[in-house]
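Colleague: According to the working numbering, the sequence shown is numbered sequentially starting from 2.
Each residue gets a CB set at the ideal place from its N, CA and C atoms; glycine is no exception.
The model shown is predicted, which means the values in this text are computed figures rather than measured ones.
Take a look at the following structure, please.
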Amino acid sequence: MKFTSPIDLGNPNPERAFVSYIREFQPVAKDTLYSAPDKNVFSDFHRKKSTVYMIAKTKKMSFVIDSFRVIDDFCILGKVLVGGRTEDVMFNIAKLLFEKSGVTHKYDGWRSWADRVMSAWAIKEESHLSSSQKYRRGSRIDLDLSNETRLYIECMLYQSIGNGNTSRRVIVQPLDLAHMFDWYLLDDIEILYVGKSKSSVLNRAINHNKWGEITTDLKSDEFAFVYFMDIEQSSIMKESLGPISLITNTTDDELDRDSIALITEAALIKHFFSEEKYNREIVSQDIIAVKSVREKLIERGYTALRVDLILEGVFGVFGTKKTGITRSHIFQVPLKQL
């Protein structure tokens with residue numbers, strides 16, 4: 002998902018401001034990081050594009066397996082359990098597969114793609130049926146393989162993509178479906194840890210040395226997940242020409258990718274935490290004393306720092322004890338010159 006924010010410096014007379022925000026994000030359940038069947042869910046976004054991540058927790062979402070059934074228009078209907086509540090949910094399997102197909106640019110949308118894929122099933126007795134009707138007749142939930150965390154779907158679309166291999170199953174999880182189809186049923190999301198990686202956030206998340214501590218602290222009805230985040234950065238300059246102020250928005254080519262991630266990480270740590278727990282560095286440090294902020298911003302003439310964390314969808318509402326649970330998180334401070 003993507004977000005672009007208009008920038009409000011807040012400082013009435015800034016000269017040069019560093020601004021960063023999250024261009025794209027994906028939530029991934031902790032268990033998915035280690036589950037072999039789920040390895041194909043990871044892309045270059047998780048391996049290369051994302052540089053900053055957050056570990057969070059919320060109440061578990063569990064499938065009520067025998068409640069799920071295939072209905073019209075390539076949709077699947079069922080129930081999930083969340084924090085002791087039972088909620089009705091629905092998702093479109095054709096839309097899900099289309100978004101992951103790699104050929105979205107070749108079709109007008111998921112419907113035309115689904116019609117094309119289903120046309121491979123040349124069943125004479127069903128020639129009068131629409132693609133959706135054929136799909137409903139020939140697809141089902143595999144109850145033998147499914148469990149509360151994963152639904153295995155005997156899916157004609159997926160089998161067609163696999164050259165008619167009827168043993169293929171689509172595997173879906175509650176978190177992924179909630180994210181893609183905006184299931185507004187989550188309990189409060191608490192941010193536990195903020196980090197970054199120079200090379201691969203995916204590898205960093207898999208091998209994270211905090212997992213043991215975090216997992217031990219989770220309650221039996223909670224689960225942990227990771228926000229993978231790609232950052233966009235800009236530099237805003239304000240020049241006074243007599244009574245006229247000229248504001249320009251540019252990219253600082255001298256700021257490398259790792260420095261941008263370090264600065265953003267530091268700002269988010271300061272924003273979310275006032276006490277050391279899983280994050281132990283930076284929390285008690287003045288932001289202007291952080292090495293990346295001092296060397297890359299203050300010593301190079303920056304006078305303000307702002308990081309916007311405003312994400313779309315159901316996973317965009319979160320917080321900590323310090324910030325409260327909210328949709329808009331903004332860290333903004335003036336930078337004192339040394």
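What's the gap between the Cα of Ala290 and the Cα of Arg205?
Modeller: 26 Å
Colleague: For Pro335, list the residues DSSP reports as bridge partners.
Modeller: Ala305
Colleague: Could you tell me the boundaries of the alpha helix (DSSP H) in which Phe273 lies?
Modeller: 258-273
Colleague: For the beta strand (DSSP E) containing Gln27, list its first residue and its last residue.
Modeller: 17-30
Colleague: Extract the residue ranges of the beta strand (DSSP E) inside the region 35-109, only unbroken runs of 3 or more that lie entirely within it.
Modeller: DSSP assignment within the region 35-109 yields the following whole beta strand (DSSP E) runs of 3 residues or more, N-terminal first: 53-60, 62-71, 76-83, 86-93.
Colleague: If we ignore side chains and look at the alpha-carbon of each, how far apart do Arg141 and Pro175 end up?
Modeller: 18 Å
Colleague: Going by DSSP, what residues sit across from Glu300 in a beta bridge?
Modeller: According to DSSP, Glu300 bridges with nothing at all.
Colleague: What does a CB cutoff of less than 7 Å around Arg169 pick up in its chain, not counting 5 residues either side in sequence?
Modeller: Tyr159, Gln160, Gly163
Colleague: Go ahead and pull the three-state DSSP assignment for Ala115.
Modeller: The answer is helix: DSSP assigns Ala115 an H, G or I state.
Colleague: Any idea what DSSP makes of Met2, helix, strand or coil?
Modeller: Interpretation of Met2 is limited by its pLDDT of 47, a score under 50 that renders its predicted location unreliable; no figure is taken from the coordinates.
Colleague: Who are Asn250's beta bridge partners in DSSP?
Modeller: Ile237
Colleague: Take Arg24 as the anchor and find which of Thr33, Phe43, Val53 has the nearest alpha-carbon.
Modeller: Among Thr33, Phe43, Val53, the Cα nearest to that of Arg24 is on Val53.
Colleague: For Phe46, which residues of its own chain have a beta-carbon under 8 Å away from its beta-carbon, when the five flanking residues on both sides are left out?
Modeller: Glu25, Gln27, Phe229, Asp231
Colleague: Under 7 Å Cβ to Cβ from Ile283, same chain only, skipping five residues before and after it: list those, please.
Modeller: Ala267, Ile270, Lys271, Val291
Colleague: So the candidates are Phe75, Arg151, Met238; which of them puts its Cα closest to the Cα of Gly139?
Modeller: Its Cα nearest to that of Gly139, the residue Phe75 stands out among Phe75, Arg151, Met238.
Colleague: Helix, strand or coil for Gly196 per DSSP?
Modeller: In the structure shown, the three-state DSSP call for Gly196 is strand.
Colleague: Going by DSSP in three states, Ser329 sits in which element: helix, strand or coil?
Modeller: strand
Colleague: Please report the straight-line C-alpha distance between Ile326 and Asn148, rounded to a whole angstrom.
Modeller: Ile326 and Asn148: Cα-Cα distance of roughly 31 Å.
Colleague: Specify, as a first and last residue, the run of the alpha helix (DSSP H) that Thr217 falls within.
Modeller: 212-218
Colleague: Could you tell me whether the Cβ atoms of Ala95 and Trp111 are closer together than 8 Å?
Modeller: yes
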